[in-house]
Structure formats: structure tokens, C-alpha cells
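Residue numbers (our numbering), protein chains in the order written: chain A, 1 to 283; chain B, 284 to 566; chain C, 567 to 849; chain D, 850 to 1132.
Here you go:
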């Protein structure tokens, strides 16, 4: 499965644009296996609770979708969980509480277990953003919960992926790190939830299929061809992704201020994007 | 100046308790030079915008007070700024946007400058929690703004304090790191905004006064005497601080779930607290 | 190609044992494609220059062998280079100078280029031990030198492997990180120089061959089966490797004092080793 | 006490220059309280055992001197210890074994205790170079040994200094971090072993004396005045220190290749050095 973490559109003044959000989701959905809303590239932490609800209500996905939940405490998480459930999300994608992570202790397990009682979820390990660890021992313990279905691991640390594959049977691992996508698949990942799949959905689906059908040479060639796309996007983040989507004519809007409208990586990214577009891999 | 970052009381179910908040603030205020609300130990990030406003309206400090602002974007920060201004706060205490910090770039300056246009502020460097850096070059650049008055630096990295003291004249530096308090003063800090000052306000005021009056031997003896209090509190964080205040009969409430009600450091902390209480240093 | 970084035997008093060294090398060589002497697990940094020469002269490998060179300056590296050349090593495996790495600057390139003028070499990135980075930009620049043949990358950071595969054509990448071995192969690694290949040489050769022949299911099964061996060995290091080899009756000797004779990981490692031995994968 | 870690002179071809070494030591010794040979700025790790002995025999200090020992194992450390003892060193200054630090375990204590049986020593914590930690718990345990006299802590992490001062009575702490020197003194350091004391010995002696005599305003003014000297030297390291000493006419020689002869910090450092020289603070 290939899912894009779709961006949340803001206008240049930083106002949420629900119409654009729906249009963007509808443009991307046919090309992929489902959507991730408010995930790593969805600026979930840039919304007030009201805006968060408003945005979600603007969408009506037909394919399975996940909703990201990057809150700090259980009372704050409850509203977001209810909305996701009500809107028919397949599962939540949940980062650990982070601001006071050093004194969280067993609260880590209470947090995930309290949410999982009410709705299926995936763990979400994205230390580039959360800047906290989700130790392998904790993942193994949480994996035993029947409603904790798997993990999205965006760290790019494939020793973690190898651990999931070798020791957690039935636990579904998705990578969020495009530059090592094929490596993750070889170590047991089920698919990718990739920012780059907002831009090159067919390419990542083709790569996955080549791998699954044993066409390794083709998979490797595609992995190498896509490397600069995923690599630069990992460096440029939300501003670069939104700029690229705008360039392609999609209503992705702008990052919320004070994040920059234009990415310093754009001059390096544009030729990569255009090169792949010429080969038919973009959207 | 000695200011405590006062905790925000929640009941055991995690509900904000505005009455307790006011009672706690009124109990502490007479013992110190002012208050920090929603700061490092104030769980500002654990509140919805509504709760945040509700809590602030419950307080009526007579001494100067700062309001912590740990938001991610300008639109989210605006409400908090307005409330702080309306309630008569002396200044804001502002952490950098953090979740997408890697793609913030010049947005760091836009963020602080946009807020400083509307209200005086202090920078807030607390990497234990924010997990992002606030480089010295950035501090020096921001220090030139007339409404950016200074910094609270909780890192305990005194090379930063030495830099402020030696190169940023008129820029007011406060330390948030009790275990090195006297070292920070020697390198130019103006005072402390210290979690431990919620428990031992007189002691930290006495230490500061001894330093200011050149009684270094007395200052050093007090610094060493207080070391375990500050050191353990830095490790135990909010759960330990609230547990200690409850033990002393103050309405500090509980950390918001899933954070633990009781700290694993309590058995080591209790004798330290009681020892200092016997000597008359606690509250 | 699968190469083991063979350990350097010391007796319990910490004296180098050249006879054991030769016996160990001769026992392992027939099972693998070549040897790495004085590499990550070879304690090259635990030898005086005289001992280093003495040890090397005790060996007479018939297959291609690499010699590790983990020196701090060019004058110190020269003796080691001469000995390796004289003994017929295929190439050096060279870590960056590390103790004053922060002020090395362009010296990094002078170092590698001066050595490469005299003998082919591989870069050696093993940040667990050297604790310095070898940035991708530096690797790319050095890869242009005709006598810098490739890299052994033990970091387990497969984004690096993906970078080599996608951007450095003809540059030979070997992984030193067993837990992600198959991931590294999928991203373009040519083989492995693996501590675990001292214990399970046939298994890693079989894994490599299965991958190369497109038998991915078999490769994955073997990767997962070998995961605990590589994972624990990465954690236990030299003391664990030597203890395991002694257990298997090989003359690996002891780590040099003050390193411990027995590893705290041994109780967890022994059943893994015995389990694999029963399946015929050990030596 | 103020001690400089004196550099070890090499000529431009990287050959050790024992005559220059002696001349440099004799030029500096009268201005300070003693010397540190082969310490943080002494490139001890850049010498073969023979060179190390040769250099030490060239010196004949009259004041107390320490000898740095940055070896990896006990057998390697023994020769260095014997030479230091024979030459009349007051004590060793000993870093932890580092290359395989992750599997050292209790070997850390065996290492220090075996050396301390034979000669008094100071622990040496300089994580910028060794890149390993020396945990406070380990320091506390080692401090109980009668021949382990104290520590040189160059980390600049003054929470460590506060810990020594508050909890390890009689344990002698020296800082190696000039930018925070006065902060370290305030927290209990006994003095400094400072690269900058090679250049401005009188200034650091004056700062220490002002502190000891309670003239805090003077101490603070001097601390701030010296800040850029210590700060830039911490960044520029050995190449900058040697370049500055050569500029002042002292026979410090060059860093060993491939380290650069000239520091990129020199253009910023020269005016600082000249400014202090005009005020009479340089040598």
C-alpha cells in the first residue's frame, strides 16, 4: 500500500482553506491506496481544535484513510479521536507525548492503550519532528495490543524495520522515509506513507509492485531514479512539498506562517521534478 | 529577581481547576518577585486555547508576571498573545516553533518579530522540552529588537550565559537551571526563573542577595546546600514539582494524563525537601 | 563478497598471541571470500606499532585481505601503510582522524589522498567507534580518486547506502551492519564485512547468494533468522565476539585489558548461537 | 592554580622537535603555576610511543607538571605511565578508553584503579575530543580512591562542576573551558587548565586572584574581556593555538599533518589577540 500524507492548505494569510483541502484530497485519492490526513506533512500541530475539526469535515475520502494525532495529553487527544472516528477513519496514527517526554514514564503506555481502547491505531515514529524516541522495547510491548495494528516509522533507521520484521509477527510496518524505501521493503515493510507519493504516486506504486513480484532489478532502478526526489523532499519538508504541488497546479496552498512560502531547496528540486515529469512519473 | 514558573492545577481526571490555580498563585506571589504562568513547569502545551484563556482569567497577580507562549505558528500564537496583553502581563516568554523546525529558516525571525511588534517579550530557550536549538547568532540578531528584552535560558549551558554577558549589553538573561544558579550569576545572569523557587523561594532570594552584596562564601554555601533540590527537580519535572507542592499542602493538583501522578524521584526527593524545611528554607 | 573482520587474540594478561592469530585466520579463511585484519573488531587501536607489525607478519592469507588503519595523523599512518603493502594487502580500510576532528577541515582530504597515492583504499565509516561523521559530500568528493575504491559503512544508516547506490557509480559499498544486511543489498551494497561472519560465514554467504539470484523470499527468511545474531553482536562488540569464538573452540583469545573477558550479553547470545548451530549455520 | 596545556611542536614535515618543545616549556613555565604536557592541546595521541618518550625527556620543568594519558588499553598505558613517573610528573591526567567504549563496562573502573595503584592521577573529561561520557556516578565512585585526586573537566557543562562542588568534598576540580571560567570558580573549581593560558597567563591568574579575594566586579570585567579569546580558541583548537603562539614568536611549531597549518579562525582571532596584547594581557 502506498499512501500520501496530504498537506493541509492555508492561504497566504495563514487561514485554513477547507475547499482547497477537499479538492486536493480528491485529486490525489484516485492515484493511491488511501490517504493520511494530518500526518507528518499535514501540519496537524498547526491547527486549533476547531480548525482541525473543520478541515476533517471538509473531506469525504472513499478509500481507507488514517488520521494523524500528535497531541500532548489524553484530554487534548479525545476530541481529535472522536472526530476521526465519526468521519470514518480506518485508524489513528499517533505520536508519543513529547514536551515533557522525560517525565512520561509508564504514561507512554497509558496514552496509547487509552486511545486504542476506543479506536484502532498505528504508532507513529517520526523523530525528525517529535524529537523523542519510541524505543523498540516499547514498540514490542504495545504491539501486543489487539487494536495497535502497526507502525509508521519515518526515521529511516532500518535497524528498526529489521527488528519489526524479525520479531513482531503480524505487526504492520510502514516506512515514511522515501530514500530508503526499497531497503525497508526488503526488511519487511508492508508499504510506504511517503510525502513523495503526493508527487509521484504511480512511481512508488510501481516500485512496490516490482518488489512484490520479484522484479528486483526493476525495483532497484526505480529506487535509484527516485532517490533525489525523496532525499530532497526529506530535507525541504512541508514548504518544499507545497511549493512543488502548487507548481503542478494542485491547490496545496502555503505553509502556515511563520514557515516560509518558498523553500531554499526549490532550485535543486525543480529539475528533479521536471526530469521525472518528462518520464511520466509525476502525478 | 526570582520568579517561579507556577504549575497549572488539574484534578485527577485531568480537568483544569481555575480556583486552585488562583489559590496557588496567591500563595506563592508574596514570597517572590513575580510569576511565570504557562512556562516550563506550567504545562502551557497541555491546554486547549479555551482552557488557556480560562486559566489566565482566574489569576489576578499584583506583581509583574510573564506568560509563556509555546505555540507552533503565528495564527495559533495570536490568541494567546491577546489574552496575555489583556490580562496585564509584563511580557511574553516565547519558545521557537518546533515541530517543523528543520524547515523554519528565516521564519524564526519573522515569528519573534511579529510577536514583538505587539508586546514585549523574552526569548525562551529550554531545549530539554522543545528539543530545538536557539543558536547564539540568532539570539544576538533578535536582541537588537527593542521589544525583545532578554532571554530565559534553561539549558544549563553556561557558555551561552557567558556569551550573553560578554557580548549582548543590556540584554537581560535569566537562568532556568537551578543546579548552576550561582555560576549563571557570576557570568552575568540577572536572576532566576526556577521551578525550585516554587518550593524554596526565600532560599533562592537569599542566594541572589548574597551574590549581589559580594558575600560569595555565603552564596556558595547556599548554592551547595540547594544543589540536590534543583538537581532532582530538573530530573523529575512537573510530576515531582506537583507532588512536592501537594505534600506541602498547596493546591498544585496533578499532571495532566497520561503523565504520572507520582514521580519515581519522590523517595529521593522527600528527605531533601524535609531537610531544607527543617532549616526554614521551604516556602 | 563476505569478509569477516577477524579478532586479534590476546592472552589473559593482554599479550598479543601471534600464533593464535595465524591459527584463527587460517580457520576462517576457507569459509569466506577474504579477510579484514585490524578492522572494526580487530582492535587495531589496541596495539603499539611494533605489535601491529608483529601481528601482521604472523599472517599469510591466500585470499584478498584488507588492513584496517585507524590512525590520527599521516606520520603515524605511514608505518602501518608500509607494512600492509609489504604483506600484500589488497587495500587499506581507513577511518578519518578523530581526536581533533573539529579542527581537521580540509585535512580530511589531504589525509585520504596522501594515503591513496601510495595504495588503494576503502573509506571506513564506523561512527559507533570513531564517533565522527564522514559526510556524504566528503565521500562523494573522495570517491572521485581512482585509488579510493569504495567504502565500508558500518553505521547502519541505510540512507547513506541509498546515496552511494544512487549517486556514486562504480563506487563499491560494503555494509558492516549485519542487522540490516538485506536492506543494504537492496539499496546497492556489494557485500558485507560483518563481525557475525566470523561465526556464521556460510549463512551470510547463502543470504548474499539468494539475493543475487533473485530468491527474495529465501533471502528474507534468512535475514530474519540471522537478525538476533547480528543485533546482539552489534551491542556486545569485541568481548562478545571473542567469547563466542572461544566457545566454538577457536583461538580468538581475550579482549585487551581493561576490556572485560566476558560479555554481559552472553546469556542472551548463547541460545541464539546454539540455535543457529543446530541448523548448521555456525562455522 | 592556572596551568597551560602546552602544545607539542612539530616542524612543517610533521617531525617532533624536542628542542623547540623544551624552549616553549621554559618560556611559559615562569608565567604559570605548572604545566600540562600531552594534554588536550598537547597532541599526545599524535605521537608514537617512542616520540612520546623522546619529547618528555626533552623537558625539565621545575614547577609541578601533569602528563596527559589518552590511551586505549592498560598495556598501552603502562609505558606512558612509567615515563611520566620517572620524569617526576606530579600526576597523570587520564581519559577513559574510547574506541570500544560501548563494551567497556566495569573496565572503566579497572582502568583507572590499575593506573592509580601506581601513581596519583586526575580524571580527564574532554568529550569534545574523546566523544565519550564520564558519568557523574562513575566520577563519584572513582573519587573515593585515595590516589584519584580530582578531575579536569573541559566539557563546559557546569552542572558537572556544581555536582563536584556540592557532593565530592576534597575532590579537586579544574576546568578546561575558558569561556565559562568564572562560572566554574563560583561553583567550586579550584583553578583552570586552559589553552588560553598559553597566551594570556597573567590575565587568567589575575582573574582567579580577583575571584579568590572577593573582588567580583573585577573578576567579572576580566571574564567578559577574555571571553572572545577563550571562545575562539575553543572553536579553533590546536591549529589556532599554534598559529597564535608562532605569531607571538614562540617555538610552538605546526600541527601534525594532515591537520592544517593555519586556522580558518585566525582572521577573527588576530584582532582579539592584538587587542589584549595592547592592554598588556598577552604573555
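Idealized CB from N, CA, C, for every residue including glycine.
Leaving aside the five residues that flank residue 148 of chain A on each side, the residues in its chain whose CB is nearer than 7 Å to its CB run, in chain order, 112, 116, 121, 123 and 142. Beta-bridge analysis with DSSP links residue 230 of chain A to no other residue.
Around residue 198 of chain A, no beta-carbon contact reaches into chain B at under 9 Å, the shortest distance being about 16 Å.
The distance from the Cβ of residue 1103 of chain D to that of residue 861 of chain D is about 5 Å, consistent with a contact at the 8 Å cut-off.
Around the beta-carbon of residue 699 of chain C, fewer than 16 other beta-carbon atoms lie within 10 Å, marking it exposed. Annotation for residue 90 of chain A: 34, 64, 65, 66 and 120 place their beta carbon closer than 8 Å to its own, counting only its chain and skipping 5 residues before and after. According to the DSSP assignment, residue 435 of chain B belongs to the beta strand (DSSP E) that extends over 431–436.
The continuous stretches of alpha helix (DSSP H) do not include residue 658 of chain C, which lies in the beta strand (DSSP E) extending over residues 657–660. Contact annotation: the region 163–170 of chain A touches the region 789–808 of chain C, with at least three C-beta pairs closer than 8 Å. The beta carbon of residue 339 of chain B sits closer than 6 Å to the beta carbons of 366 and 370 from its chain, once the five residues preceding and following it are set aside; these are given in chain order.
Along the region 501–532 of chain B, going in chain order, the ones with a CB nearer than 9 Å to a CB of chain D are 502, 503, 506, 507, 508, 509, 510, 511, 513, 514 and 517.
Legend: CB atoms of the region 665–676 of chain C lying less than 9 Å from CB atoms of chain D belong to residues 665, 666, 667, 668, 669, 670, 671, 672, 673, 674, 675 and 676. Look at the region 856–916 of chain D and you find these whole runs of beta strand (DSSP E), each 3 residues long or longer: 884–886. In this structure, residue 843 of chain C keeps its C-beta atom at 7 Å or more from the C-beta atom of residue 612 of chain C.
By the Cβ neighbour-count rule, residue 15 of chain A is exposed, with fewer than 16 other Cβ atoms within 10 Å of its own.
For residue 144 of chain A, there is no enclosing beta strand (DSSP E), as DSSP marks it with neither H nor E. Residue 917 of chain D counts as buried, since no fewer than 16 other beta carbons sit within 10 angstroms of its beta carbon.
Boundaries of the beta strand (DSSP E) around residue 1041 of chain D: 1040–1042. Closest in alpha carbon position to residue 676 of chain C, among C/640, C/658 and C/693, is C/640. For residue 49 of chain A, the closest of A/221, A/72 and A/31 by C-alpha to C-alpha distance is A/72. Scanning its chain for C-beta atoms nearer than 8 Å, with the 5 sequence neighbours on each side dropped, one finds around residue 397 of chain B the residues 357, in chain order.
Spanning the alpha carbons of residue 203 of chain A and residue 53 of chain A requires a straight line of approximately 32 Å. Taking 7 Å as the cut-off, the beta carbon of residue 1003 of chain D is found no closer than this to the beta carbon of residue 1112 of chain D. Listed as beta-bridge partners of residue 111 of chain A by DSSP are no residues whatsoever.
Interface annotation, residue 156 of chain A: not in contact with chain B, CB-CB separation never under 7 Å.
For residue 560 of chain B, no beta strand (DSSP E) segment is defined; the enclosing uninterrupted segment is the alpha helix (DSSP H) at 549–561. Proximity of the region 461–469 of chain B to the region 492–503 of chain B meets the contact definition, three or more beta-carbon pairs being nearer than 8 Å.
When DSSP states are grouped into helix, strand and coil, residue 73 of chain A belongs to the coil group.
Going by DSSP, residue 173 of chain A is part of the beta strand (DSSP E) stretching over 172–175.
Under DSSP, residue 851 of chain D shares a beta bridge with D/1041. Membership of residue 689 of chain C in any alpha helix (DSSP H) is not indicated; the residue belongs instead to the beta strand (DSSP E) covering 687–691. The beta carbon of residue 328 of chain B falls within 7 Å of a beta carbon belonging to chain A, placing the residue at that interface. Counted as a single uninterrupted DSSP element, the stretch harbouring residue 818 of chain C is not any alpha helix (DSSP H), since DSSP gives it neither H nor E. At a beta-carbon threshold of 7 Å, the residues of chain D lying near residue 694 of chain C are 951, ordered along the chain. Nearest CB-CB separation between residue 985 of chain D and chain B: not below the 7 Å threshold. Judged by DSSP secondary structure, residue 1016 of chain D falls within the alpha helix (DSSP H) whose first and last residues are 1007–1016.
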